[in-house]
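Trainee: Starting off with a structure, shown below.
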Amino acid sequence: MKIGRRGFLSFVIGGAAGTALSPLPWKLTDDSSIWTQMWPWTPVPKDGETSYVNSVCTLCSGGCGITVRKIDERAVKIEGMKGHPINNGGACLLGLSGLQLLYGPTRIKSPLKRTGKRGQGGWEKISWKAAVSEVVEKLGNLRSKSQSHTVGFVSGSDRGTIPRLFERFLTAYGSPNLMRMPSVRDSYELTLHMMQGVQALPGFDFENADFILSLGSGIIDGWGSPVRMFRANSAWQNANVKVIQIEPRLSNTAAKSSKWIPINPGTETALVMGLAHVIIKEYLYDTGFILNYTNGFEDWKRLVMDNYSPDSVAAITGIDSGTIVVLARSFANASRPLAICGRGDGSSPVSLKGCTAVHALNALVGNVNKKGGVWAVSDTDYISWPEIEMDSKAAAGMQHERLDGAGSKKYLFSRYLMNRLPETVNSGAQYPLQALFVSGANPLYTLHDTKSTEKAFDKIPFVVSFSSYMDETAQNADLILPNHVFLERYEDVPAPVGLIQPVIGLAKPVVEPQFNTRHVGDVIIRMAKGLGGSVADAFPWDSYYSCLKETLNDNWETLVDKGFRSDTELMNPTLESSFDTVSGKFEFINPDTGSMPQFKPVSIEGDEKLYPLVLIPYDSIRLANSYIGDPPFAIKTVEDTVLKGKYVFVEINPKTARSAGLHEGQRVLLITPKGKAEVKIHLFEGIMPGIIALPRGLGHTAFDDYLAGKGINFNTLIGTVEDPDSGMDTAWGIRAKLSKV
Amino acid sequence: MSTLDDHSKEIPEDTAGGATAAQSPEEKIKKQDNGPGGPIILFFILGLFASLIVGWIIFPKLLYSQKKQPIDFNHAFHVAEVENGCESCHFFRKDGTFSGAPKLEQCIDCHEEIQGVDPDEIKFVEEYVSKGREVPWLIYSKQPDCVFFSHAAHIKGADMECVACHGHIGESESLKVYEENRITGYSRDIWGKSIGGFKKNTWDRMKMDDCADCHQKNYAIIEKTGVKTPTKRFVDHMIEVVSPGSSISGKGTSVQTERDACFVCHK
Chain E
24 MKIGRRGFLS
34 FVIGGAAGTA
44 LSPLPWKLTD
54 DSSIWTQMWP
64 WTPVPKDGET
74 SYVNSVCTLC
84 SGGCGITVRK
94 IDERAVKIEG
104 MKGHPINNGG
114 ACLLGLSGLQ
124 LLYGPTRIKS
134 PLKRTGKRGQ
144 GGWEKISWKA
154 AVSEVVEKLG
164 NLRSKSQSHT
174 VGFVSGSDRG
184 TIPRLFERFL
194 TAYGSPNLMR
204 MPSVRDSYEL
214 TLHMMQGVQA
224 LPGFDFENAD
234 FILSLGSGII
244 DGWGSPVRMF
254 RANSAWQNAN
264 VKVIQIEPRL
274 SNTAAKSSKW
284 IPINPGTETA
294 LVMGLAHVII
304 KEYLYDTGFI
314 LNYTNGFEDW
324 KRLVMDNYSP
334 DSVAAITGID
344 SGTIVVLARS
354 FANASRPLAI
364 CGRGDGSSPV
374 SLKGCTAVHA
384 LNALVGNVNK
394 KGGVWAVSDT
404 DYISWPEIEM
414 DSKAAAGMQH
424 ERLDGAGSKK
434 YLFSRYLMNR
444 LPETVNSGAQ
454 YPLQALFVSG
464 ANPLYTLHDT
474 KSTEKAFDKI
484 PFVVSFSSYM
494 DETAQNADLI
504 LPNHVFLERY
514 EDVPAPVGLI
524 QPVIGLAKPV
534 VEPQFNTRHV
544 GDVIIRMAKG
554 LGGSVADAFP
564 WDSYYSCLKE
574 TLNDNWETLV
584 DKGFRSDTEL
594 MNPTLESSFD
604 TVSGKFEFIN
614 PDTGSMPQFK
624 PVSIEGDEKL
634 YPLVLIPYDS
644 IRLANSYIGD
654 PPFAIKTVED
664 TVLKGKYVFV
674 EINPKTARSA
684 GLHEGQRVLL
694 ITPKGKAEVK
704 IHLFEGIMPG
714 IIALPRGLGH
724 TAFDDYLAGK
734 GINFNTLIGT
744 VEDPDSGMDT
754 AWGIRAKLSK
764 V
Chain U
60 MSTLDDHSKE
70 IPEDTAGGAT
80 AAQSPEEKIK
90 KQDNGPGGPI
100 ILFFILGLFA
110 SLIVGWIIFP
120 KLLYSQKKQP
130 IDFNHAFHVA
140 EVENGCESCH
150 FFRKDGTFSG
160 APKLEQCIDC
170 HEEIQGVDPD
180 EIKFVEEYVS
190 KGREVPWLIY
200 SKQPDCVFFS
210 HAAHIKGADM
220 ECVACHGHIG
230 ESESLKVYEE
240 NRITGYSRDI
250 WGKSIGGFKK
260 NTWDRMKMDD
270 CADCHQKNYA
280 IIEKTGVKTP
290 TKRFVDHMIE
300 VVSPGSSISG
310 KGTSVQTERD
320 ACFVCHK
């Protein structure tokens, strides 16, 4: 039987009818729809047991309590810890994105040793044993040659057991060179030392202040402990607390303040002096406090009255003299006014004269160590370890001057001057630095004048990074000994700078270490044991865990359980006990140096004729600007007017742009005396004419594809400007020009 | 006109009879075969039956692969040993979520060491317990995570028996073969053993219609007066899908999504 066309067709039709009457098409439709849900890129949350771990976020120095939600063994969400004295349930963008730093691709998975030239990215995996013995051998050699002082440590912080272990290691080993990364805390500490004679941390009772004068501080842009500041800011809005923001650019903080007063950049101290002038002239100051608790007021008063009349201040700052008078009156008439300084996120110090001027303004209204005022908070000292018994080598090493010049004759009272290290190393004026250890810091990205820092690093023969991520400094190291990330390790976290309440937090492992990393505390202990002798004796602990547990002692149980310990009784220093100066009073003029709060312009680099514009940085809570780079979630939130593709936008006033013939979105070359970069133009009414601004936190060359190569690192365009009084880098900007491409 | 001309040319050729006369015997047969009637229906029936056989018998055989569980498990024996029935091992966690298949943690109390001579138990202890590895059980009732499903709401809230959906697995002495759908990766138990979707018991299938069966019944009991015609229900649902939250309260009935229609259950 031959099958013809009709026969075939009827077979097909019969087949179609049969198929329709069979479950095949319906089942296949159903299955294919379920199949689409099985595509590997479709995120399907794993089912499992939910648990919560209380810990502390250490991605910045904010010290927020976090509660991490886990499904079985996987951390799935970071939330702010409810009831925590700092953040009470709040969390910032970086903290929320923290899981990407745990599970993301930028982790360093095992100890790495450089192969090939430095910075070229050639690495070989080595064992922990080999890594530690290499370090021990290097350090042992240097020590046997009496060069222990040529070893340096750079740390993001100097508080808590980890930095204290670094310090202890260096002391027992014989080097004075422990350096902390710069921040406005340096200025405040020095100010408190100069004016109150105390070695203390600045504390701000924001929660009880009723008038805030912010001299460029990015209250909601990352200044201080960020979540605490968000909460304080919200509370002020609800309580109608006046917040006056003084800065040349309409930042987010300025936009949310009661009043934004634009000011010529770098002249904030002049305004403070002008306010003091009005307050003194109109007898608005706290006479009781000035008479009973201060010294040197009359001399300072003369300086203020002679030089800072509203008119002369108006000429410097560009702020109308009437506004200055009104501002001074409202500041002085508020019951608990509070002035703060530290531009942007506070990662750069301000000049000593500037910071003391702000403190003097607070003192003028008697708002020192009082409710709603500025406090000198002595650090809760829960770390009491046995005395170090130094051998002769250590003692000899410790006799050397610090490489950064802190504590030297010139900068006697400064504690750390990390900013000066590159210059000292490059000039070779002092002894050479033979080995540098970096932990919780990324100086090759965060220090001003990146080129000079890179040059200095090139001169250091042995650089060891403890970074958990392949950041810029790790990229240029010889050896990487990766630390556990914050969700994998124990660490005590003292109260953040600015808080008046004594709080200790405990970061603890939320998940098991994901890779072959090791706690930096354990590595230090191993290093000490490896060196043997008195260095090993200074570390009587088997592990960092036992060291921490022993140190925290009675607090351990509470900390493990709750994640923090806070004394409900606030410290309440009496005014009598607040001043540890020779006079026992608040000193307007430092008796040792004769230094007085006043306006001395910090002149920035660049010739005005060659570089007609002034470039300033700005900070945003969406851009992490510390040793941690923005995780993918965070970088996604950066607006199109800040970063588009690989281009960062430079903000410019439309007037300035018009006169230069520039338009929105135009690609231009931004040139400063320190470097140049291709950027795009963003016209912004909120920036003063003649000034241009770039965000900080971009332009990474390290980290992952989400972050690297996007925008420009501001620090490559700016140089350092050393404060003659403190040695701190007080550069607030640099002269610049834009040229069309 | 050309058409007419063409016809006028064809007609004489046909009527001439020359062509017909020239046909061979085979061609005659072919012509008869192709004519209306029997043989064509035969092909139709052939096609029909062939596809029915493919659809009902061959297709299910091809669709599912047969997989064995990593080790066998005797439910009946364990149920007799424990006090709290199914919930002894398939328990609710403190937060009310359902734990599903037990983990080593639950087994380890009894099975830290080999207790008998059963080869599966020996394998379990040696391969999994002592090595700390979880048993990769193939879960018959695993479904895509598309709906907000709460075991607690059904077992604790509605007082249902496990059997209602999972059948009498608790009485089985060994684990049946796991038939994995090659397209979806899920077990055959979801669609049901019957490829046609027919069921006798509530536990024969676990598709959306099977949820709906029970939910519709109870819905009717709860809202006796509110029975809607199918058209009315369809229109209402469409409105809710297109414009969620357009009800008077502005919120749908779903606790999770605060929306209506599909989104009451679906994520």
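Just so you know, the sequences run in chain order E and U.
So the first sequence is numbered by the working numbering: it starts at 24 and just counts up by one.
So the second sequence is numbered by the working numbering: it starts at 60 and just counts up by one.
Here a beta-carbon is modelled for each residue, glycine too, at the ideal position from N, C-alpha and C.
1. Quick one: is lysine 305 of chain E buried, meaning 16 or more other Cβ sit within 10 Å of its Cβ, or exposed?
2. May I ask you to list, following chain order, the residues of the region 127-157 of chain U that have a beta carbon less than 7 Å from some beta carbon of chain E?
3. Just by C-beta distance, which residues in the region 49-61 of chain E are closer than 7 Å to chain U?
4. Confirm, please, whether the CB-CB distance from valine 534 of chain E to leucine 510 of chain E is below 9 Å.
5. Quick one: what does DSSP say leucine 458 of chain E is sitting in, helix, strand or coil?
6. DSSP three-state call for tryptophan 250 of chain U: helix, strand or coil?
7. Between which two residues does the beta strand (DSSP E) harbouring valine 702 of chain E extend?
8. Under 8 Å between beta-carbons, which chain E residues line up against cysteine 205 of chain U? List them in chain order, please.
9. Between the alpha carbons of glutamate 745 of chain E and valine 91 of chain E, how many angstroms are there, rounded?
10. For a quick check, are the C-beta atoms of isoleucine 741 of chain E and aspartate 472 of chain E less than 9 Å apart?
11. Write down every uninterrupted run of the alpha helix (DSSP H) in the region 194-242 of chain U whose length is 4 residues or greater and which is fully enclosed by it, in chain order.
12. What does DSSP give as the partner residue(s) for tryptophan 398 of chain E in the beta ladder?
13. Give me the residue from E:Pro205, E:Leu224, E:Glu270, E:Trp246 with the minimum Cα distance to glycine 709 of chain E.
14. On a CA-only basis, which of E:Asp590, E:Pro620, E:Leu582, E:Thr753 is nearest asparagine 77 of chain E? Give me that one, please.
15. In chain order, what residues of the same chain have a beta carbon less than 6 Å from the beta carbon of lysine 433 of chain E, not counting five sequence neighbours either side?
16. Just to confirm, are leucine 426 of chain E and glycine 750 of chain E a CB contact at a threshold of 9 Å?
17. In the DSSP assignment, the beta strand (DSSP E) including aspartate 334 of chain E goes from what residue to what residue?
18. Give the DSSP-derived three-state secondary structure of serine 61 of chain U in the structure shown.
19. According to DSSP, is phenylalanine 589 of chain E part of a helix, a strand, or is it coil?
20. Would you identify the three-state DSSP class for serine 643 of chain E, choosing helix, strand or coil?
21. Can you check which of these residues, E:Val207, E:Trp64, E:Ser274, E:Ile411, is closest to cysteine 378 of chain E by C-alpha distance?
22. Verify the CB distance criterion: does lysine 89 of chain U have a CB-CB separation below 9 Å to chain E?
23. Since I believe aspartate 501 of chain E is in contact with tyrosine 790 of chain E (beta carbons under 8 Å), could you give me their beta-carbon distance rounded to a whole number of angstroms?
24. Quick one: Cα of alanine 255 of chain E to Cα of leucine 117 of chain E, how far?
25. Since lysine 127 of chain U contacts valine 236 of chain U with CB under 8 Å, what's their CB separation in whole angstroms?
26. Identify, in the order they occur along the chain, each residue of the same chain with its Cβ nearer than 6 Å to the Cβ of asparagine 738 of chain E, setting aside the five sequence neighbours on each side.
27. Between leucine 82 of chain E and glutamine 537 of chain E, is the Cβ-Cβ spacing less than 9 Å?
28. Identify whether glycine 113 of chain E lies in helix, strand or coil by the three-state DSSP scheme.
29. With C-beta atoms as the reference, is glycine 183 of chain E less than 9 Å away from proline 517 of chain E?
30. For lysine 763 of chain E, which of helix, strand or coil comes out of DSSP?
31. Under DSSP, the beta strand (DSSP E) around phenylalanine 737 of chain E begins and ends at which residues?
32. Could you name the residues of the same chain whose beta carbon sits closer than 8 Å to that of valine 188 of chain U, not counting the 5 residues immediately before and after it, in chain order?
33. For leucine 177 of chain E and aspartate 727 of chain E, I'd like the C-alpha separation in whole angstroms.
34. Does the beta carbon of threonine 90 of chain E sit closer than 9 Å to a beta carbon anywhere in chain U?
35. For the alpha helix (DSSP H) that contains aspartate 515 of chain E, what are its first and last residues?
36. Between which residues of its own chain and tyrosine 75 of chain E is the CB-CB distance below 8 Å, once the five residues before and five after are set aside?
Mentor: With the structure as the only source:
1. In the first sequence, the residue the question calls residue 305 of chain E occupies position 282. Note on residue identity: the sequence assigns glutamate, not lysine, to residue 305 of chain E. Burial call: exposed.
2. Residues Arg152, Asp154, Thr156.
3. Listed by position along the chain: Lys50, Asp54, Ser55, Ile57, Trp58, Gln60, Met61.
4. By 1-based counting over the first sequence, the position of residue 510 of chain E is 487. By 1-based counting over the first sequence, the position of residue 534 of chain E is 511. Inclusion of leucine 510 of chain E and valine 534 of chain E in the CB contact set at 9 Å is warranted, their separation being smaller than that value.
5. Residue mapping note: residue 458 of chain E aligns to position 435 of the first sequence, counting from 1. Looking at the sequence shown, residue 458 of chain E is not leucine but alanine. Shown here, alanine 458 of chain E sits in a strand according to DSSP, grouped into three states.
6. Here residue 250 of chain U refers to the residue found at position 191 when the second sequence is read from its first residue. Tryptophan 250 of chain U: helix per DSSP, three-state reduction.
7. Translated into positions along the first sequence, residue 702 of chain E becomes position 679. Run containing valine 702 of chain E: 698-706, per the beta strand (DSSP E) assignment.
8. Translated into positions along the second sequence, residue 205 of chain U becomes position 146. In chain order: Gln60.
9. Working through the first sequence from its first residue, we reach residue 745 of chain E at position 722. Working through the first sequence from its first residue, we reach residue 91 of chain E at position 68. In a straight line, the C-alpha of glutamate 745 of chain E is about 43 Å away from that of valine 91 of chain E.
10. Translated into the one-based positions of the first sequence, residue 741 of chain E becomes position 718. Translated into the one-based positions of the first sequence, residue 472 of chain E becomes position 449. Taking the C-beta atoms as reference points, aspartate 472 of chain E is found nearer than 9 Å to isoleucine 741 of chain E.
11. Correct list: 222-225.
12. One-based indexing of the first sequence puts residue 398 of chain E at position 375. For tryptophan 398 of chain E, which the question treats as bridged, DSSP gives the partners E:Gly226.
13. For the purposes of this step, residue 709 of chain E is taken as residue 686 along the first sequence, with counting starting at 1. Considering only alpha carbons, the answer is E:Glu270.
14. In the first sequence, residue 77 of chain E corresponds to position 54, counting from 1. It is E:Leu582.
15. The sequence position of residue 433 of chain E within the first sequence is 410, counting from 1. Nothing meets the Cβ criterion.
16. For this step, residue 426 of chain E is matched to residue 403 along the first sequence. For this step, residue 750 of chain E is matched to residue 727 along the first sequence. Not in contact: leucine 426 of chain E and glycine 750 of chain E (Cβ atoms no closer than 9 Å).
17. By 1-based counting over the first sequence, the position of residue 334 of chain E is 311. Premise fails: aspartate 334 of chain E lies in the alpha helix (DSSP H), 333-340, not in any beta strand (DSSP E).
18. To locate residue 61 of chain U, count along the second sequence from 1; it is residue 2. Interpretation of serine 61 of chain U is limited by its pLDDT of 41, a score under 50 that renders its predicted location unreliable; no figure is taken from the coordinates.
19. Your numbering for residue 589 of chain E matches position 566 in the first sequence. The sequence given here places serine at residue 589 of chain E; phenylalanine does not occur at that position. In the structure shown, the three-state DSSP call for serine 589 of chain E is strand.
20. What you label residue 643 of chain E is simply residue 620 of the first sequence in a count that begins at 1. It is coil, neither helix nor strand.
21. Mapped onto the first sequence, residue 378 of chain E falls at position 355. Closest in C-alpha terms to cysteine 378 of chain E, from the list E:Val207, E:Trp64, E:Ser274, E:Ile411, comes E:Val207.
22. As a position in the second sequence, residue 89 of chain U is number 30, starting the count at 1. Bear in mind that the predicted position of lysine 89 of chain U carries a pLDDT of just 47, short of 50, making it unreliable; the figure below should be weighed with that in mind. Yes - at least one Cβ of chain E is within 9 Å of the one on lysine 89 of chain U.
23. The structure shown does not extend to residue 790 of chain E, since chain E is modelled only from 24 through 764, so no value can be given for it.
24. Walking along the first sequence from the start, residue 255 of chain E turns up at place 232. Walking along the first sequence from the start, residue 117 of chain E turns up at place 94. The alpha-carbon atoms of alanine 255 of chain E and leucine 117 of chain E are separated by roughly 19 Å.
25. Counting from 1 along the second sequence, the entry for residue 127 of chain U is found at position 68. Counting from 1 along the second sequence, the entry for residue 236 of chain U is found at position 177. Taking 8 Å as the upper bound for CB-CB distance, lysine 127 of chain U and valine 236 of chain U are in contact here, some 7 Å apart.
26. What you label residue 738 of chain E is simply residue 715 of the first sequence in a count that begins at 1. Sequence-distant partners of asparagine 738 of chain E (beyond 5 residues in either direction) whose C-beta falls short of 6 Å from its own C-beta, in its chain, are His471, Thr473.
27. Reading the first sequence from its first residue, position 59 is the one you call residue 82 of chain E. Reading the first sequence from its first residue, position 514 is the one you call residue 537 of chain E. For leucine 82 of chain E and glutamine 537 of chain E, no; Cβs fall outside 9 Å.
28. Working through the first sequence from its first residue, we reach residue 113 of chain E at position 90. The three-state reading of DSSP puts glycine 113 of chain E in coil, since its state is none of H, G, I, E or B.
29. Counting from one through the first sequence, the residue named residue 183 of chain E turns up at place 160. Counting from one through the first sequence, the residue named residue 517 of chain E turns up at place 494. Yes, they are a contact pair.
30. What you label residue 763 of chain E is simply residue 740 of the first sequence in a count that begins at 1. Lysine 763 of chain E: strand per DSSP, three-state reduction.
31. Taking the first sequence and counting its residues from 1, the one referred to as residue 737 of chain E is at position 714. Phenylalanine 737 of chain E -> no beta strand (DSSP E), and no H or E assigned at all.
32. Here the question's residue 188 of chain U lines up with position 129 in the second sequence. These residues qualify, in order along the chain: Leu163, Cys166, Ile167, His170, Glu171.
33. Sequence index remark: in the first sequence, residue 177 of chain E carries index 154 (1-based). Sequence index remark: in the first sequence, residue 727 of chain E carries index 704 (1-based). Checking the sequence, you will find valine at residue 177 of chain E rather than leucine. Going from the Cα of valine 177 of chain E to the Cα of aspartate 727 of chain E covers about 24 Å.
34. Translated into positions along the first sequence, residue 90 of chain E becomes position 67. Output row for threonine 90 of chain E: interface = no.
35. For the purposes of this step, residue 515 of chain E is taken as the residue at position 492 of the first sequence. Premise fails: aspartate 515 of chain E lies in the beta strand (DSSP E), 514-517, not in any alpha helix (DSSP H).
36. If you number the first sequence from 1, residue 75 of chain E lands on position 52. Non-local beta-carbon contacts of tyrosine 75 of chain E in its own chain, meaning distances under 8 Å to residues more than five positions away in sequence, involve Thr90, Val91, Arg92, Lys93 in chain order.
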